[in-house]
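Notes follow the structure.
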Amino acid sequence: MKYSPSIDQLIKSLQVLPGVGPRSAQRMAFHLLERKRRDGLQLAEHLTKAMDAVGHCEVCRNFAEEDLCPICQSPKRTSKGVICVVETPADVAAIEQTAQFYGSYFVLMGHLSPLDGIGPSELHLDKLERRLANEDVSELILATNPTVEGEATAYYIADMAKRYKVKVSRIAHGVPLGGELDSVDGTTLSHSLIGRQQFD
Amino acid sequence: MPEQALTPAFVIHTRPYRETSLLVQLFTLEFGKVSAVARGARAKRSKSRGILQPGVPLLVELAGKGSLLNFKQVEASNLALPLFGNYLYSALYLNELLYYLLDENTAYPGLYQLYQDSLMALAKQQPLEACLREFELNLIADLGFALTEPEQLADGVNYQYRLDQGFVVTSLRLSNVIFSYQEVLMLLSFDPLQASHLACAKRFCRIAIAQLLGGRELTSRKLFTPIKTTNKAVR
Chain A
1 MKYSPSIDQL
11 IKSLQVLPGV
21 GPRSAQRMAF
31 HLLERKRRDG
41 LQLAEHLTKA
51 MDAVGHCEVC
61 RNFAEEDLCP
71 ICQSPKRTSK
81 GVICVVETPA
91 DVAAIEQTAQ
101 FYGSYFVLMG
111 HLSPLDGIGP
121 SELHLDKLER
131 RLANEDVSEL
141 ILATNPTVEG
151 EATAYYIADM
161 AKRYKVKVSR
171 IAHGVPLGGE
181 LDSVDGTTLS
191 HSLIGRQQFD
Chain B
1001 MPEQALTPAF
1011 VIHTRPYRET
1021 SLLVQLFTLE
1031 FGKVSAVARG
1041 ARAKRSKSRG
1051 ILQPGVPLLV
1061 ELAGKGSLLN
1071 FKQVEASNLA
1081 LPLFGNYLYS
1091 ALYLNELLYY
1101 LLDENTAYPG
1111 LYQLYQDSLM
1121 ALAKQQPLEA
1131 CLREFELNLI
1141 ADLGFALTEP
1151 EQLADGVNYQ
1161 YRLDQGFVVT
1171 SLRLSNVIFS
1181 YQEVLMLLSF
1191 DPLQASHLAC
1201 AKRFCRIAIA
1211 QLLGGRELTS
1221 RKLFTPIKTT
1231 NKAVR
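Protein sequence lines correspond, in order, to chains A and B. The working numbering applies: residue 1 is where the first sequence begins, and numbers increase by one. The working numbering applies: residue 1001 is where the second sequence begins, and numbers increase by one.
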């Protein structure tokens, strides 16, 4: 069915969101127009503000509104000399939630993927190299995903860190908690056997 | 209904599709390069998540018509091949070649076998250059550009390689473009154990593959060299 141009545009625009198709976009648009006019205006305002103001942290490349993100602004976090390399801002959030890590991050915003045209320069690895050269880094933790591309990214960065004589570690992969060995794929299981730890 | 046999396959590339699915480019023994949708492969409890990765020997059953197929069944026939460092980058390079150069839905049984052997060789960390050159030369031949002896093969004559014509006599003097009589002979009887053959084949494959790619640059090649830092203050 045909709607007025503004509604039509709104429905089309809402479909840029992941998992939103024409039906849900239509539902969202009507919901805002019918009941949530004020919230809709606020949403528009916040969207504009965020799209204009949010850029990348100059040090870690995570999303930030100022030159530095809150983590890179904190001397407590940066003085540790430990950098954790992750693929996405969502990975930073996941690691922060564990409350096990007190260093700073470097967010790649992706992984090396030749077939998607993503090479070392697209991931701004020159920025990471500059950090390795200029900061006093004691350890670089590679927390890229355990996929083929994530591994390739980890190797590339590890090579780079070795040139600066920085200690490199890779997060462990293995059986998930509460899982059953039977349902874990063979490659994961063999990784967890190779990386087994002394138990006392 | 007769039971359909599973066909061996390797993943060339995957990309996210819809909310929880994957769009997978496969190199299969039976059908060559095909695209298929793995529904729910990115869901949290998906079993195929870990195996739909490059370097995992698979057995797949595909269904559907047209250019986009569906997975009916997928299982790993073996563990993922352990690929590290330059050997891993090389595997990504082979995948990039297959992705851009193979015709869809055309079986290349000989090349499939060689691809599998090459991945195994990379996993065993056998000499890299020999493995890559062997694959490249066979790929070029399987795409229909097998090397043939030039019409006029004589000592002292230089040749230039053109995809459509093969080796042609040239008066050019550019050392990186021309091949001497001896070099043409080397390429025609390629022996991966000889360093001079490998060096010559590397130069030849670069030229031939560049022509096959028609100007497209391969990103995987950038992985073999350290990144150039733009900041002059850093060494």
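Cβ atoms here follow ideal geometry from the backbone N, Cα and C, with glycine treated the same way.
Where residue i sits in the DSSP three-state scheme
i: A:His56; result: strand
i: A:Tyr102; result: coil
i: A:Gln97; result: helix
i: B:Asn1095; result: helix
i: B:Leu1062; result: strand
i: A:Asn202; result: Nothing can be reported for residue 202 of chain A: it is not among the residues displayed for chain A, which extend from 1 to 200.
i: B:Phe1271; result: What the structure shows of chain B is the stretch from 1001 to 1235, and residue 1271 of chain B is not part of that stretch, so it cannot be assessed.
i: A:Gly195; result: coil
i: B:Val1034; result: strand
i: A:Arg170; result: strand
i: A:Ser79; result: coil
i: B:Met1001; result: Reliability of the predicted coordinates at B:Met1001 is poor, the pLDDT of 37 falling under 50, and the value obtained from them is presented with this limitation in mind. B:Met1001 falls in the coil class under three-state DSSP.
i: A:Ser183; result: helix
i: B:Phe1224; result: helix
i: B:Ala1043; result: coil
i: B:Phe1204; result: helix
i: A:Phe63; result: strand
i: B:Ile1051; result: coil
i: B:Val1056; result: coil
i: A:Glu213; result: Any answer about residue 213 of chain A is impossible in this case: the structure gives chain A only from 1 up to 200.
i: A:Val107; result: strand
Endpoints, the beta strand (DSSP E) within which residue i is located
i: B:His1013; result: 1007-1017
i: A:Ile141; result: 139-142
i: B:Gly1166; result: 1166-1170
i: A:Val20; result: Per DSSP, A:Val20 belongs to no beta strand (DSSP E) and is neither H nor E.
i: B:Gln1073; result: 1068-1076
i: B:Phe1145; result: Where B:Phe1145 is concerned, there is no enclosing beta strand (DSSP E), given that its DSSP letter is neither H nor E.
i: B:Thr1028; result: 1021-1028
i: B:Tyr1159; result: 1158-1162
i: B:Phe1179; result: 1178-1180
Selection from the options that minimises the alpha carbon distance to residue i
i: B:Ser1021; options: B:Leu1006, B:Thr1028, B:Arg1049; result: B:Arg1049
i: B:Arg1133; options: B:Thr1014, B:Gln1053, B:Leu1062, B:Ala1091; result: B:Ala1091
i: B:Glu977; options: B:Pro1054, B:Leu1218, B:Ala1210, B:Val1037; result: Shown here, chain B extends from 1001 to 1235; a query on residue 977 of chain B therefore has no answer.
i: A:Asn62; options: A:Gly81, A:Gly40, A:Asp91; result: A:Asp91
i: B:Gly1166; options: B:Thr1148, B:Tyr1181, B:Gln1182; result: B:Thr1148
i: B:Ala1063; options: B:Thr1007, B:Ile1207, B:Asn1138; result: B:Thr1007
i: B:Ile1227; options: A:Thr144, A:Leu142, A:Pro5, A:Leu125; result: A:Leu125
i: B:Val1184; options: B:Thr1170, B:Pro1192, B:Pro1150, B:Leu1119; result: B:Pro1150
i: A:Cys60; options: A:Met51, A:Ala50, A:Ile71, A:Ile157; result: A:Ile71
i: A:Val175; options: A:Thr147, A:Val168, A:Ala53, A:Val184; result: A:Val184
i: B:Gln1156; options: B:Ser1035, B:Lys1044, B:Glu1096, B:Arg1173; result: Contrary to the premise, residue 1156 of chain B reads as Gly rather than Gln in this sequence. Measuring from the Cα of B:Gly1156, the nearest candidate turns out to be B:Arg1173.
i: A:Gln26; options: A:Arg38, A:Glu34, A:Ile11; result: A:Ile11
i: B:Ser1077; options: B:Leu1083, B:Gly1085, B:Val1056; result: B:Val1056
i: B:Thr1219; options: A:Arg131, A:Gln97, A:Gly119; result: A:Gly119
i: A:Ile83; options: A:Ser169, A:Gln97, A:His111, A:Lys2; result: A:Ser169
i: B:Leu1153; options: B:Gln1182, B:Ile1140, B:Pro1082; result: B:Gln1182
i: B:Asp1164; options: B:Ala1208, B:Phe1027, B:Leu1128; result: B:Ala1208
With 16 other Cβ atoms within 10 Å as the buried cut-off, status of residue i
i: B:Leu1223; result: buried
i: A:Lys13; result: For the sequence presented, residue 13 of chain A should be read as Ser rather than Lys. So A:Ser13 counts as exposed.
i: B:Leu1088; result: buried
i: B:Asn1138; result: buried
i: B:Met1186; result: buried
i: A:Tyr155; result: buried
i: A:His46; result: exposed
i: B:Ala1193; result: For the sequence presented, residue 1193 of chain B should be read as Leu rather than Ala. It is exposed - the Cβ of B:Leu1193 has fewer than 16 other Cβ atoms within 10 Å.
i: A:Thr48; result: exposed
i: A:Phe106; result: buried
i: A:Gly103; result: buried
i: A:His31; result: exposed
i: B:Thr1014; result: buried
i: A:Glu149; result: buried
i: B:Arg1235; result: Interpretation of B:Arg1235 is limited by its pLDDT of 36, a score under 50 that renders its predicted location unreliable; the figure taken from the coordinates is listed afterwards. Answer is exposed; the Cβ neighbour count stays below 16.
i: B:Gly1032; result: buried
i: B:Ser1118; result: buried
i: B:Met1001; result: Here the model assigns B:Met1001 a pLDDT of 37, short of 50, so the residue's position is not dependable, and the following value carries that caveat. Classification for B:Met1001: exposed.
i: B:Ser1171; result: exposed
Any non-hydrogen atom of the ligand ATP within 6 Å of residue i CB
i: B:Phe1135; result: Looking for the ligand ATP in the displayed structure turns up nothing, as the structure carries no ligands at all.
Segment limits, alpha helix (DSSP H) that includes residue i
i: A:Cys84; result: A:Cys84 -> not in any alpha helix (DSSP H); beta strand (DSSP E) instead, spanning 82-86.
i: A:Lys162; result: 148-163
i: B:Gly1215; result: Careful: B:Gly1215 lies outside any alpha helix (DSSP H) and carries neither H nor E.
i: A:Leu10; result: 5-14
i: B:Leu1122; result: 1109-1123
i: A:Ile71; result: 70-73
Report yes or no: do the region 190-198 of chain A and the region 152-168 of chain A share at least 3 C-beta pairs separated by less than 8 Å? no
Okay, do the region 1061-1080 of chain B and the region 1010-1019 of chain B touch, 3+ Cβ pairs below 8 Å being the bar? no
Would you say the region 1198-1206 of chain B touches the region 1132-1149 of chain B, given that touching needs at least three Cβ pairs under 8 Å? yes
With 7 Å as the limit, tell me which residues of the region 1123-1140 of chain B have their beta carbon closer than that to any beta carbon of chain C; keep them in chain order. No chain C appears in this structure, whose protein chains are A and B.
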